[in-house]
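Trainee: Structure incoming, see below.
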Amino acid sequence: MYTLKSVLYDDRIEKWQIREERVHHHILIFITGGQAIYHSGGEVFELHQGDVLFIPAGTIRSCHNDAKGPHQKYSAHFTTAGEADKTVEALRQRGMFKWNIHNADYFRQRFSMLLLQWFDQTPGGLLICQGILLELIGRLIHDTQQQIRSAVKKDLIHKLQAYIVHNKSKPIQLSDLARHIDRSPNHVTRIFKEVLGQTPIDYIHQVKVSVACELLKSSGMTIAEISDYLGYCEQSYFHRIFKKFTGVAPTAVQKGHPIAFVPLPGVSGAARK
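Per the working numbering: the sequence shown = residues 53 to 325.
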């Protein structure tokens with residue numbers, strides 16, 4: 053259960069400040085203009101337009117206007133009980149934190165409606181308030197969780213990229229990548245497309261072709277030797293892959309033909325290891 057205690061709108065209050073004290077309710081703050089400074093646990097939170105600040109109940113904080121002048125903000129003070137406690141646990145675990153909310157204009161509109169409904173202290177008005185508060189909290193949780201999931205995906209991609217570069221001389225299968233990060237092949241394919249915009253198999257070939265370009269230019273190795281070195285079982289297959297990604301044959305690169313293919317960052321150094 054969510055219980056609203058108050059909804060406020062601070063509109064450029066001169067000399068606004070609150071001394072250090074413990075908050076007894078959860079507080080959701082949205083800055084609509086100017087800047088505000090919050091302090092808690094030795095951390096400083098500089099809030100700008102579009103920023104959301106969540107302050108869990110029990111937090112000791114102080115706050116004041118920025119030196120440039122007063123600010124504008126909405127704030128909702130609320131408590132939770134029962135299942136609602138579990139809902140906000142993802143936020144509470146982070147302690148006091150700020151967030152630049154996605155779709156800030158809509159967030160402002162909903163907070164404005166929350167304030168208007170708060171003045172209507174009828175049973176219907178309070179129910180609408182509770183619904184809007186749930187939506188605001190839900191959007192904040194969704195936003196933060198999306199970033200966490202995105203960070204996890206990027207971390208997995210970095211691990212897979214390193215694996216591919218370090219195993220460039222071997223035939224690499226999708227199943228090898230899946231085992232490396234303990235995920236399914238479908239999951240590997242999905243996150244590659246989401247993060248890099250290409251399939252893992254194409255990325256593997258791109259790494260190998262990038263290494264091949266450097267070797268063709270400077271190693272003195274034959275095309276057959278490079279093909280074998282990069283784990284291609286058939287030289288003809290290597291030729292097809294190379295031309296797919298560069299638009300020219302390996303022999304053309306040996307002769308100094310310019311190519312449109314751009315080697316992957318960090319792969320060139322790996323080729324020399």
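Every residue, glycine too, gets a C-beta built ideally from N, C-alpha and C. None of these values were measured; they are calculated from a predicted model.
Which ranges would you report for the alpha helix (DSSP H) in the region 235-292 if only whole runs of at least 4 residues count?
Mentor: 237-248, 252-270, 275-281
Trainee: Roughly how many whole angstroms lie between the Cα atoms of D195 and I189?
Mentor: If you number the sequence shown from 1, residue 195 lands on position 143. If you number the sequence shown from 1, residue 189 lands on position 137. Those two C-alpha atoms are separated by around 10 Å.
Trainee: Would P252 and L226 be called neighbours here (beta carbons separated by less than 8 Å)?
Mentor: Indexing the sequence shown from 1 puts residue 252 at position 200. Indexing the sequence shown from 1 puts residue 226 at position 174. Result yes, Cβ atoms of P252 and L226 sit closer than 8 Å.
Trainee: Taking the alpha carbon of M273 as the point to measure from, which residue in S262, Q306, Y255, F294 has its own alpha carbon closest?
Mentor: Start at 1 with the first residue of the sequence shown, and residue 273 comes out as number 221. Selected option, being the one with the closest Cα: Q306.
Trainee: Confirm, please, whether the CB-CB distance from I243 to I209 is below 8 Å.
Mentor: By one-based count along the sequence shown, residue 209 stands at place 157. By one-based count along the sequence shown, residue 243 stands at place 191. Contact flag set, yes.
Trainee: Which residue's Cα is closest to the Cα of F130: K245, L178, H100?
Mentor: Against the sequence shown, residue 130 aligns to sequence position 78. Closest in alpha carbon position to F130, among K245, L178, H100, is L178.
Trainee: Helix or strand or just coil, what does DSSP make of W170?
Mentor: Indexing the sequence shown from 1 puts residue 170 at position 118. If DSSP states are grouped into helix, strand and coil, W170 belongs with the helices.
Trainee: Can you tell me which of F159, F297, W151, I83 puts its alpha carbon nearest to the alpha carbon of S262?
Mentor: Here residue 262 refers to the residue found at position 210 of the sequence shown. Nearest C-alpha to S262: F297.
Trainee: Any idea what DSSP makes of K296, helix, strand or coil?
Mentor: Here residue 296 refers to the residue found at position 244 when the sequence shown is read from its first residue. In this structure, K296 counts as helix in the three-state DSSP scheme.
Trainee: Looking at the unbroken beta strand (DSSP E) that takes in A88, where does it start and where does it end?
Mentor: Counted from its first residue, the sequence shown places residue 88 at position 36. That run of the beta strand (DSSP E) goes 88-92.
Trainee: Looking only at its own chain, which residues have a Cβ that is under 8 Å from the Cβ of M148, when we skip the five neighbours before and after it?
Mentor: Position 96 of the sequence shown holds residue 148. Hits under 8 Å: Y90, S92, G93, E95, F97, L105, F106, I107, P108, T111, R113.
Trainee: Please return the same chain residues whose Cβ sits closer than 6 Å to the Cβ of S279, not counting the five positions on each side in sequence.
Mentor: Here residue 279 refers to the residue found at position 227 of the sequence shown. Closer than 6 Å at the Cβ level, and outside the excluded window around S279, lie Q287, F290.
Trainee: Where does the unbroken alpha helix (DSSP H) through G177 begin, and where does it stop?
Mentor: Along the sequence shown, one-based indexing puts residue 177 at 125. Its alpha helix (DSSP H) spans residues 175-218.
Trainee: Which residue marks the beginning of the beta strand (DSSP E) containing A128, and which one marks its end?
Mentor: Indexing the sequence shown from 1 puts residue 128 at position 76. 124-132 is the extent of the beta strand (DSSP E) around A128.
Trainee: Terminal residues of the continuous beta strand (DSSP E) containing I83?
Mentor: Along the sequence shown, read from residue 1 onward, the residue named residue 83 stands at position 31. Note, I83: beta strand (DSSP E), 78-85.
Trainee: Please classify Q145 as buried or exposed, where buried requires at least 16 neighbouring CB atoms within 10 angstroms.
Mentor: By one-based count along the sequence shown, residue 145 stands at place 93. Exposed, since its Cβ has fewer than 16 Cβ neighbours within 10 Å.
Trainee: Taking the C-alpha atoms as reference points, what is the distance between T241 and R191?
Mentor: Stepping through the sequence shown from its first residue, residue 241 is reached at position 189. Stepping through the sequence shown from its first residue, residue 191 is reached at position 139. Cα atoms of T241 and R191: separation of roughly 28 Å, rounded to the nearest angstrom.
Trainee: Does the separation of the CB atoms of Q182 and Y61 fall below 8 Å?
Mentor: Here residue 182 refers to the residue found at position 130 when the sequence shown is read from its first residue. Here residue 61 refers to the residue found at position 9 when the sequence shown is read from its first residue. No. Outside cutoff.
Trainee: Go through its chain and collect everything with a Cβ distance to A230's Cβ below 8 Å, but skip five positions before and after it.
Mentor: Translated into positions along the sequence shown, residue 230 becomes position 178. For A230, where only same-chain residues beyond five positions count, the Cβ hits under 8 Å are S236, P237, H239, V240.
Trainee: Which residues does DSSP list as the beta-bridge partners of D118?
Mentor: Working through the sequence shown from its first residue, we reach residue 118 at position 66. Answer is G121.
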